[in-house]
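Participant: Just so we're aligned, residue 1 is where the sequence shown starts under the working numbering, counting upward by one.
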Amino acid sequence: MPQRALDDILDEVKAEFPAKLGADSWYLVAASALLTCSDPKDFGHLYVHLVEQPERLSAAGRQALNKRLREFLMKQWLTIGLPKVTVALYALTEVERPGDADLTFTKSHLGLNAANHEKGTKFLHWLYDDEQMATMFTAFGADFEWLGKQVAYGMFFADDSVLDNLETELITYTAITCQALTLPIQRHLKALQSMGLSMTEIEQVTAGAKKIALWAGSETKGWPDIQMLL
(Lines of atoms letter the chains of each structure in order from A; the text may use other names.)
(Lines give C-alpha, C1' and ligand atoms only; values in the text may rest on other atoms or scores of the structure.)
Protein backbone atom coordinates (compact mmCIF):
# COMPACT_ATOMS: atom_id res chain seq x y z
CA MET A 1 0.00 0.00 0.00
CA PRO A 2 1.38 3.45 -0.88
CA GLN A 3 2.46 5.06 2.35
CA ARG A 4 2.23 8.53 0.83
CA ALA A 5 -1.49 7.95 0.35
CA LEU A 6 -1.80 7.07 4.03
CA ASP A 7 -0.36 10.47 4.94
CA ASP A 8 -3.04 12.14 2.82
CA ILE A 9 -5.80 10.10 4.48
CA LEU A 10 -4.49 10.94 7.95
CA ASP A 11 -4.54 14.64 7.10
CA GLU A 12 -8.17 14.30 5.95
CA VAL A 13 -9.19 12.48 9.13
CA LYS A 14 -7.58 15.20 11.24
CA ALA A 15 -9.23 18.02 9.26
CA GLU A 16 -12.72 16.50 9.45
CA PHE A 17 -12.61 15.31 13.07
CA PRO A 18 -14.98 16.93 15.59
CA ALA A 19 -13.24 20.01 17.00
CA LYS A 20 -14.97 19.44 20.35
CA LEU A 21 -12.79 16.37 20.96
CA GLY A 22 -9.55 18.36 20.98
CA ALA A 23 -6.33 18.10 19.03
CA ASP A 24 -5.14 14.70 20.25
CA SER A 25 -8.10 12.36 19.85
CA TRP A 26 -8.24 12.10 16.07
CA TYR A 27 -5.03 10.12 15.76
CA LEU A 28 -6.23 7.62 18.37
CA VAL A 29 -9.28 6.87 16.22
CA ALA A 30 -7.04 6.68 13.15
CA ALA A 31 -4.69 4.33 15.00
CA SER A 32 -7.57 2.11 16.08
CA ALA A 33 -8.91 1.79 12.54
CA LEU A 34 -5.40 1.27 11.16
CA LEU A 35 -4.53 -1.46 13.64
CA THR A 36 -7.85 -3.24 13.13
CA CYS A 37 -8.01 -3.09 9.33
CA SER A 38 -4.43 -2.87 8.08
CA ASP A 39 -1.04 -4.51 8.47
CA PRO A 40 -0.06 -3.63 12.06
CA LYS A 41 3.40 -2.71 10.82
CA ASP A 42 1.76 0.46 9.46
CA PHE A 43 1.64 1.66 13.07
CA GLY A 44 5.27 2.69 12.71
CA HIS A 45 4.41 4.89 9.76
CA LEU A 46 1.64 6.54 11.77
CA TYR A 47 4.16 7.43 14.46
CA VAL A 48 6.57 8.94 11.93
CA HIS A 49 3.72 10.95 10.42
CA LEU A 50 2.73 12.31 13.83
CA VAL A 51 6.20 13.21 15.10
CA GLU A 52 6.83 15.21 11.95
CA GLN A 53 4.05 17.63 12.95
CA PRO A 54 5.31 21.00 14.29
CA GLU A 55 3.88 20.49 17.78
CA ARG A 56 5.88 17.28 18.23
CA LEU A 57 9.30 18.25 16.94
CA SER A 58 10.66 18.67 20.46
CA ALA A 59 11.80 15.77 22.65
CA ALA A 60 8.97 16.52 25.08
CA GLY A 61 6.43 16.45 22.26
CA ARG A 62 7.67 13.10 21.01
CA GLN A 63 7.67 11.66 24.53
CA ALA A 64 4.09 12.77 25.21
CA LEU A 65 2.89 11.26 21.94
CA ASN A 66 4.82 8.04 22.52
CA LYS A 67 3.29 7.64 25.97
CA ARG A 68 -0.22 8.00 24.57
CA LEU A 69 0.35 5.55 21.73
CA ARG A 70 1.89 2.95 24.03
CA GLU A 71 -1.12 3.31 26.32
CA PHE A 72 -3.34 2.90 23.28
CA LEU A 73 -1.63 -0.44 22.57
CA MET A 74 -1.99 -1.50 26.23
CA LYS A 75 -5.75 -1.12 25.88
CA GLN A 76 -6.24 -2.37 22.35
CA TRP A 77 -5.10 -5.94 22.87
CA LEU A 78 -8.56 -6.41 24.37
CA THR A 79 -10.50 -5.38 21.26
CA ILE A 80 -8.05 -6.14 18.45
CA GLY A 81 -5.87 -8.93 19.83
CA LEU A 82 -2.42 -9.34 21.31
CA PRO A 83 -0.71 -10.64 18.10
CA LYS A 84 -1.58 -7.48 16.15
CA VAL A 85 -0.65 -5.28 19.10
CA THR A 86 2.71 -7.05 19.41
CA VAL A 87 3.53 -6.48 15.73
CA ALA A 88 2.48 -2.83 16.07
CA LEU A 89 4.72 -2.41 19.11
CA TYR A 90 7.68 -3.87 17.23
CA ALA A 91 6.98 -1.44 14.38
CA LEU A 92 6.87 1.42 16.86
CA THR A 93 10.20 0.48 18.44
CA GLU A 94 11.84 0.47 15.01
CA VAL A 95 11.08 4.16 14.43
CA GLU A 96 11.40 5.53 17.96
CA ARG A 97 14.39 7.70 18.76
CA PRO A 98 16.41 7.13 21.93
CA GLY A 99 14.53 8.81 24.76
CA ASP A 100 11.10 8.74 23.11
CA ALA A 101 9.75 5.88 25.21
CA ASP A 102 9.43 5.51 28.96
CA LEU A 103 10.42 1.86 29.44
CA THR A 104 9.96 1.80 33.20
CA PHE A 105 7.02 0.07 34.90
CA THR A 106 4.17 2.59 35.11
CA LYS A 107 1.26 0.40 36.20
CA SER A 108 2.02 -0.07 39.90
CA HIS A 109 -1.24 1.75 40.71
CA LEU A 110 -3.28 -1.13 39.27
CA GLY A 111 -4.33 -4.26 41.13
CA LEU A 112 -7.10 -6.85 41.32
CA ASN A 113 -8.87 -5.49 44.39
CA ALA A 114 -12.19 -4.05 45.51
CA ALA A 115 -11.39 -0.55 44.27
CA ASN A 116 -10.47 -1.90 40.85
CA HIS A 117 -13.69 -3.92 40.73
CA GLU A 118 -15.69 -0.79 41.56
CA LYS A 119 -13.86 1.21 38.90
CA GLY A 120 -14.56 -1.42 36.24
CA THR A 121 -18.20 -1.67 37.22
CA LYS A 122 -18.55 2.12 37.07
CA PHE A 123 -17.13 2.21 33.54
CA LEU A 124 -19.49 -0.59 32.45
CA HIS A 125 -22.40 1.60 33.52
CA TRP A 126 -21.64 3.82 30.54
CA LEU A 127 -22.73 0.82 28.43
CA TYR A 128 -25.34 -0.98 30.51
CA ASP A 129 -27.91 -0.16 33.16
CA ASP A 130 -28.08 -2.25 36.34
CA GLU A 131 -30.67 -4.67 35.00
CA GLN A 132 -28.86 -5.22 31.71
CA MET A 133 -25.56 -5.84 33.48
CA ALA A 134 -27.09 -8.26 35.98
CA THR A 135 -28.82 -10.23 33.21
CA MET A 136 -25.65 -10.37 31.13
CA PHE A 137 -23.35 -11.60 33.89
CA THR A 138 -25.93 -14.08 35.18
CA ALA A 139 -25.87 -15.67 31.73
CA PHE A 140 -22.10 -15.34 31.26
CA GLY A 141 -21.14 -16.69 34.70
CA ALA A 142 -18.82 -15.62 37.51
CA ASP A 143 -15.56 -16.13 35.58
CA PHE A 144 -16.59 -13.75 32.82
CA GLU A 145 -17.95 -11.25 35.32
CA TRP A 146 -14.50 -11.23 36.95
CA LEU A 147 -12.85 -10.90 33.53
CA GLY A 148 -15.11 -8.02 32.57
CA LYS A 149 -15.19 -6.01 35.78
CA GLN A 150 -11.73 -6.67 37.20
CA VAL A 151 -9.52 -7.19 34.14
CA ALA A 152 -10.95 -5.73 30.92
CA TYR A 153 -12.68 -2.71 32.43
CA GLY A 154 -11.09 -2.38 35.85
CA MET A 155 -7.41 -2.72 34.93
CA PHE A 156 -7.45 -1.53 31.34
CA PHE A 157 -10.40 0.44 30.00
CA ALA A 158 -11.05 2.39 33.22
CA ASP A 159 -7.39 3.24 33.76
CA ASP A 160 -7.37 6.97 32.95
CA SER A 161 -3.79 7.65 33.99
CA VAL A 162 -2.82 8.45 30.37
CA LEU A 163 -5.93 8.34 28.17
CA ASP A 164 -9.17 9.62 29.62
CA ASN A 165 -12.40 7.60 29.60
CA LEU A 166 -13.75 9.27 26.47
CA GLU A 167 -10.54 8.62 24.53
CA THR A 168 -10.64 4.99 25.63
CA GLU A 169 -14.26 4.72 24.52
CA LEU A 170 -13.44 6.29 21.15
CA ILE A 171 -10.73 3.75 20.36
CA THR A 172 -12.89 0.86 21.58
CA TYR A 173 -15.90 1.97 19.55
CA THR A 174 -13.70 2.38 16.48
CA ALA A 175 -12.12 -1.07 16.74
CA ILE A 176 -15.51 -2.73 17.22
CA THR A 177 -17.06 -0.77 14.34
CA CYS A 178 -14.20 -1.80 12.05
CA GLN A 179 -15.09 -5.40 12.89
CA ALA A 180 -18.78 -4.73 12.08
CA LEU A 181 -19.93 -6.20 15.41
CA THR A 182 -23.45 -4.84 15.66
CA LEU A 183 -24.34 -5.81 19.23
CA PRO A 184 -21.30 -4.25 20.94
CA ILE A 185 -21.44 -1.28 18.56
CA GLN A 186 -24.88 -0.54 19.94
CA ARG A 187 -23.64 -0.60 23.53
CA HIS A 188 -20.63 1.61 22.76
CA LEU A 189 -22.79 4.10 20.87
CA LYS A 190 -24.77 4.44 24.08
CA ALA A 191 -21.54 5.03 25.99
CA LEU A 192 -20.38 7.75 23.60
CA GLN A 193 -23.72 9.50 23.86
CA SER A 194 -23.65 9.20 27.65
CA MET A 195 -20.22 10.81 27.59
CA GLY A 196 -21.60 13.81 25.73
CA LEU A 197 -21.16 13.15 22.02
CA SER A 198 -23.95 14.01 19.60
CA MET A 199 -24.96 11.68 16.76
CA THR A 200 -23.37 14.13 14.32
CA GLU A 201 -20.06 13.93 16.17
CA ILE A 202 -20.24 10.13 16.36
CA GLU A 203 -20.90 10.01 12.62
CA GLN A 204 -17.83 12.20 12.03
CA VAL A 205 -15.72 9.84 14.14
CA THR A 206 -17.10 6.86 12.22
CA ALA A 207 -16.41 8.56 8.88
CA GLY A 208 -12.77 9.05 9.87
CA ALA A 209 -12.46 5.38 10.77
CA LYS A 210 -14.05 4.42 7.47
CA LYS A 211 -11.49 6.47 5.52
CA ILE A 212 -8.70 4.45 7.12
CA ALA A 213 -10.54 1.16 6.61
CA LEU A 214 -11.11 1.86 2.92
CA TRP A 215 -7.47 2.85 2.46
CA ALA A 216 -6.51 -0.48 4.01
CA GLY A 217 -8.77 -2.36 1.59
CA SER A 218 -11.21 -3.41 4.29
CA GLU A 219 -14.84 -4.15 3.47
CA THR A 220 -17.15 -1.59 5.07
CA LYS A 221 -20.48 -2.56 3.50
CA GLY A 222 -21.20 -4.68 6.56
CA TRP A 223 -20.86 -1.74 8.94
CA PRO A 224 -24.27 -1.06 10.46
CA ASP A 225 -26.12 2.21 10.04
CA ILE A 226 -25.56 3.69 13.49
CA GLN A 227 -28.73 5.79 13.22
CA MET A 228 -30.68 2.53 13.11
CA LEU A 229 -29.07 1.18 16.29
CA LEU A 230 -30.37 3.81 18.69
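Note that the Cβ used here is the ideal one computed from N, Cα and C, for glycine as well. Predicted model, so just to flag it, every value in this text is computed and none were measured.
1. Taking 8 Å as the cut-off, does the segment 38–45 touch the segment 115–131 (at least 3 CB pairs, one atom from each stretch)?
2. Looking only at its chain, what residues have a beta carbon closer than 6 Å to the beta carbon of Y47, apart from the 5 residues adjacent to it on each side?
3. Taking the Cβ atom as the reference point for each residue, do L69 and A31 lie within a distance shorter than 8 Å?
4. Can you tell which of Y90, Q63, D225 and A207 has its C-alpha closest to the C-alpha of P98?
5. Would you mind sorting K238 into buried or exposed? The rule is 16 or more other CB atoms within 10 Å of its CB.
6. List the endpoints of the continuous alpha helix (DSSP H) containing T93.
7. What are the boundary residues of the alpha helix (DSSP H) that includes I171?
8. Determine the contact status of L189 and I202, defining contact as a CB-CB distance below 8 Å.
9. Where does P54 fall in DSSP's three states?
10. Exposed or buried, which one is E219 when buried takes at least 16 other CB atoms within 10 Å?
11. Could you compute how far the alpha carbon of N113 sits from the alpha carbon of K210?
12. Using 10 angstroms around the beta-carbon of K107, count the other beta-carbons present and answer buried if the total reaches 16, otherwise exposed.
13. So, with DSSP's three-state summary, where would you put G61?
14. Any idea what DSSP makes of H125, helix, strand or coil?
15. If we ignore side chains and look at the alpha-carbon of each, how far apart do I212 and I9 end up?
16. Can L78 and A152 be called in contact, C-beta distance under 8 Å?
17. If I'm right that E169 touches A191 with Cβ under 8 Å, what's the distance once you round it to whole angstroms?
18. V205 to V162, Cα distance in whole Å?
Facilitator: From the atom records:
1. no
2. L92 and V95
3. yes
4. Q63
5. Residue 238 cannot be examined here, being either before or after the span of the chain that is shown, 1 to 230.
6. L82 to V95
7. N165 to C178
8. yes
9. helix
10. exposed
11. 39 Å
12. exposed
13. helix
14. coil
15. 7 Å
16. yes
17. 5 Å
18. 21 Å
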